[in-house]
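Below is one structure, written out as structure tokens; comments come after it.
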Amino acid sequence: MPRPQPQTLADIDTPAAIIDLDLVRRNIQTMQRALEGTAVHVRPHAKTHKTPQIALMQIEAGAPGVTCAKVGEAEAMVAGGVRDVLIANQVVGAPKLARLCALARQARVTVAVDDERNVRALSAAAAAQGVTLGVMIEVEVGMQRCGVLPGAPAAALAQAVHRAPALDLVGLMGYEGHTVGIVDRAEREAKTRAALAAVIQTKAACEAAGLDIREVSGGGTNTFDITSTIDGWTELQCGTYVTMDAWFRQHVGHVFESAFWVLAAVVSRPTRERAVVDAGAKSISREPGGLAVVDDPPGIQLRSLSEEHGTLSLAENAPDLQPGDKVKITPWHGCTTFNLHDVVYALQDDEVVDVWPIAARGRFT
Ligand SMILES: Cc1ncc(COP(=O)(O)O)c(C=O)c1O
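When we follow this note's numbering, the leftmost residue of the sequence shown carries the number 381, and every step to the right adds one.
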């Protein structure tokens, strides 16, 4: 039976994913304004919110499309109205290549590659389906995840893409995932610039070989103001900036504002110092390095998450929580927490203005 739609924050059943729409809009505008007058645009990473309605807000503000991590995520975005997707990841295997090509009939699709065998497979699949796929060469910049080595190996792969019948060489990608977590700003900047210089050098090598490199893409929330000032860079892939999370707040204290919480209800108050809420690791992702933070009411700390319980410590000045009272918890990692929920409640002040399916949640194929 369909549940009645809540009208206000107080009506929302828990645990629930909630966003503050005004703050989301402000974060989008902050990013857009920061890039105004530069040669760089943001292609927001949809892995954070996994919600087409938020992607469309980002596009309306000026983004050309979104970045995705998986074909399934891109399918959900396109089904929700997005017309331009970059899968900043390698796509392999016949079933996924078929889906990728089918998607290219409905939207502009670009995919990352770092291997010539994958280039041949992509080209054959696209040619068989009569579509063209955009391709970015993913260059290894020190993160030691995916990516072809910069310079000659990357330029040779770009040549292979250029020669491939059903592929369009769009440009280069380098993601500095190993520098985004450096807390010291000067060190983060120096290491980011050093890492991404490899992509710019590769661009020069490609251009010297006569290849047209239209886009140079990468960058995260924690390096957006560094990566976007690199000469030759054109595109940022930042995701978390739109809603933020406790990790970013603790590590950087950013120009972006927290706009995403899990709303939980107190289910038990066994002692004066301890309360238990109905949100555990199945509704707030639990990851090494830190714990989610209780933002409201004040004076309360999350101590631990078991599967369906969150245990809170109450300071002396904390409110006298009763069963049924609500708390707002900022997840340590926003992206993996969105992925746990079916819907997100979009609030304006305390009013629920929309309830959006998190359409790409669980879409990891
Ligand atoms: C390929 C890629 N690009 C960009 C990002 C940046 O995301 P965020 O802005 O959330 O740090 C990530 C993060 O995982 C990524 O994997």
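Cβ atoms here follow ideal geometry from the backbone N, Cα and C, with glycine treated the same way. Computed from a predicted model, the values in this text were never measured in an experiment.
What do you get for residue i, buried or exposed, if any count of 16 or more other CB atoms within 10 angstroms of its CB means buried?
| i | result |
| --- | --- |
| Arg488 | buried |
| Val541 | buried |
| Ala626 | buried |
| Ser686 | exposed |
| Asn697 | exposed |
| Thr582 | buried |
| Gly480 | For the sequence presented, residue 480 should be read as Leu rather than Gly. Buried: at least 16 other Cβ atoms inside 10 Å. |
| Glu518 | buried |
| Pro650 | exposed |
| Arg500 | exposed |
| Arg683 | exposed |
| Pro432 | buried |
Assuming residue i and residue j make a contact with CB atoms under 8 Å, what is their CB distance in whole Å?
| i | j | result |
| --- | --- | --- |
| Val596 | Leu552 | 5 Å |
| Leu727 | Ile399 | 7 Å |
| Val458 | Val465 | 6 Å |
| Ala435 | Gly460 | 7 Å |
| Lys662 | Glu688 | 6 Å |
| Gln702 | Val646 | 7 Å |
Report the partner residues of residue i according to the DSSP bridge assignment.
| i | result |
| --- | --- |
| Leu685 | Gly690 |
| Ala396 | Leu643 |
| Gly527 | Answer is none; Gly527 lacks a bridge partner. |
| Cys448 | Ile467 |
| His425 | Thr447 |
| Pro737 | Val723 |
| Ile408 | Its beta-bridge partners do not exist; DSSP assigns none. |
| Lys662 | Answer is none; Lys662 lacks a bridge partner. |
| Lys583 | For Lys583, which the question treats as bridged, DSSP gives no partner whatsoever. |
| Ala655 | Leu692 |
| Ser638 | Paired residues: none, contrary to the question. |
| Ser597 | Met553 and Glu615 |
Under three-state DSSP, which class holds residue i?
| i | result |
| --- | --- |
| Trp712 | coil |
| Leu513 | strand |
| Val489 | strand |
| Val462 | coil |
| Leu591 | coil |
| Gln617 | coil |
| Ile680 | strand |
| Lys476 | helix |
| Lys430 | coil |
| Arg497 | helix |
| Arg649 | coil |
| Glu453 | helix |
| Gln438 | helix |
| Ser608 | coil |
| Asp391 | helix |
Ligand 3 and residue i: does any heavy atom of the ligand fall closer than 6 Å to the residue's C-beta?
| i | result |
| --- | --- |
| Gly561 | What this structure holds is ligand 1, not ligand 3. |
| said: Taking contact to mean 3 or more Cβ pairs, one atom from each stretch, closer than 8 Å, check whether the stretch 556-566 and the stretch 495-509 are in contact. | reply: No, because fewer than three Cβ pairs between the stretch 556-566 and the stretch 495-509 fall closer than 8 Å, the two stretches do not touch.
| request: Count the CB pairs spanning the stretch 383-394 and the stretch 583-591 that are closer than 8 Å, and state whether there are at least three. | output: The answer is no - the stretch 583-591 does not touch the stretch 383-394, with fewer than three Cβ pairs under 8 Å.
| said: Tell me whether the stretch 568-580 and the stretch 603-613 touch, counting them as touching only if at least three CB pairs, one residue from each stretch, are closer than 8 Å. | reply: Yes, the stretch 568-580 touches the stretch 603-613.
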